[in-house]
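Data first, discussion second: the structure below is written as structure tokens.
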Amino acid sequence: MAEKVFIPPIKIQGIKTKIVPLIKENLSFDQDTFWIEPFMGSGVVGFNVAPTVAVFADLNPHIISFYNSIKNGTITSHIVRQFLEEQGKLLSEKDGEYYYEVRERFNSKHDPLDFLFLNRACFNGMIRFNKDHQFNVPYGHKPNRFSKAYVTKVVNQVKHIEQLLKDNSWTFVCQDFLDTIAQAPNRSFIYCDPPYIGRHVDYYDSWDDQKEALLRDALVSSNKSFMLSTWDHNDYRNNEYINTTWSFCNKITKEHFYHVGASEKNRNPMVEAILTNYDI
Ligand SMILES: C[S@@+](CC[C@H](N)C(=O)[O-])C[C@H]1O[C@@H](n2cnc3c(N)ncnc32)[C@H](O)[C@@H]1O
Numbered sequence: 004m005a006e007k008v009f010i011p012p013i014k015i016q017g018i019k020t021k022i023v024p025l026i027k028e029n030l031s032f033d034q035d036t037f038w039i040e041p042f043m044g045s046g047v048v049g050f051n052v053a054p055t056v057a058v059f060a061d062l063n064p065h066i067i068s069f070y071n072s073i074k075n076g077t078i079t080s081h082i083v084r085q086f087l088e089e090q091g092k093l094l095s096e097k098d099g100e101y102y103y104e105v106r107e108r109f110n111s112k113h114d115p116l117d118f119l120f121l122n123r124a125c126f127n128g129m130i131r132f133n134k135d136h137q138f139n140v141p142y143g144h145k146p147n148r149f150s151k152a153y154v155t156k157v158v159n160q161v162k163h164i165e166q167l168l169k170d171n172s173w174t175f176v177c178q179d180f181l182d183t184i185a186q187a188p189n190r191s192f193i194y195c196d197p198p199y200i201g202r203h204v205d206y207y208d209s210w211d212d213q214k215e216a217l218l219r220d221a222l223v224s225s226n227k228s229f230m231l232s233t234w235d236h237n238d239y240r241n242n243e244y245i246n247t248t249w250s251f252c253n254k255i256t257k258e259h260f261y262h263v264g265a266s267e268k269n270r271n272p273m274v275e276a277i278l279t280n281y282d283i
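Letter by letter, the sequence shown follows residues 4 to 283 in this note's numbering.
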């Protein structure tokens, strides 16, 4: 039977839900090892590995603030239920007008609950900030988005995180990947899922050749076991970095549909790759 993968409350483009089982099967990791995830995004990978001690980091401050709010109890599953029920009602009454009101409110106050609301009510569950750090994803046009069942689903996701935070010792930090890798303690395993070159859509998510090379150098000089998620090829292109920057790594691949656009015709099969610096 297929393994059940826990879906986190905040979603992000490029979320690795579909390859979590493949990642878990190929880790070089035991419960005494520190889990270091410099590009946490939705956190779906680490949350499903459920390590005892972990550092989850990202350059996006809103993701980090959301999880720190659950950790310090400012956000609880109970508060999430009340908030989404109330906001969902306003959305169903005022539709897009209300979505944009919350978006404006979030862009001035940065409340993590508003971030959750926007992430679930926006177009395609995207996270995208412009260069002025403003969340700018348009409305998803689903005024009845926050049905009772949907709210319960999100509340249960938050409950699951609350439990994981009780059972384990996890830190969430907003910082660049170079700092996260440099600070990794001796017995660490580093899982990296950087943005794909040329595919970024977000201010916090830019990536280029230079960063790819810096990431490789940081991982190599850390002397830690690591796994890197990247793409291998699609119908049109191969990822040239696999045979150059990452040529010293071992590789496994898996095909899945990578969502690059709203319409079906833009959904190209994308072969994902997992690279490691240990035998798999
Ligand atoms: C492909 S996503 C990670 C997806 C994640 N594995 C998941 O399944 O949800 C890449 C993440 O890296 C973050 N990021 C981009 N540049 C970064 C940097 N220089 N340092 C740390 N995080 C960065 C982005 O904000 C984004 O959340």
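Ideal placement from N, C-alpha and C gives every residue a C-beta, glycine not left out.
Helix or strand or just coil, what does DSSP make of Tyr-103? helix
Whose C-beta lies closer than 8 Å to the C-beta of Leu-121 among residues of the same chain, with five residues either side of it excluded? Tyr-102, Val-105, Arg-106, Phe-109, Phe-138, Val-140
Cβ pair Val-47, Thr-77 closer than 8 Å: no
Which value, in whole angstroms, describes the spacing of the CA atoms of His-81 and Tyr-194? 32 Å
Following the continuous alpha helix (DSSP H) through Glu-89, name the residue where it begins and the one where it ends. 80 to 97 is the span of the alpha helix (DSSP H), which, as asked, contains Glu-89.
Run of the beta strand (DSSP E) containing Phe-175, from where it starts to where it stops: 172 to 177
Which term fits Gln-16, buried or exposed, when burial requires 16 or more other beta carbons within 10 angstroms of its beta carbon? buried
Give a single yes or no on whether Phe-120 has its beta carbon closer than 7 Å to a heavy atom of ligand 1. no
Cβ-Cβ distance between Ala-124 and Leu-181 below 8 Å: Cβ distance not < 8 Å, so Ala-124 and Leu-181 don't count as in contact.
Ala-185, enclosing alpha helix (DSSP H) - first and last residue: 180 to 185
Bridge partners - Asn-253, DSSP secondary structure assignment: Thr-279
Start-end ranges of the beta strand (DSSP E) lying completely within the stretch 13 to 54, minimum 3 residues: Within the stretch 13 to 54, the complete beta strand (DSSP E) segments of 3 residues or longer fall at 37 to 40, listed in chain order.
For a test of your reading of the model: does the CB of Leu-222 fall under 7 Å from any non-hydrogen atom of ligand 1? Yes or no. no
Is Val-47 near ligand 1 - that is, is its Cβ less than 7 Å away from at least one heavy atom of it? yes
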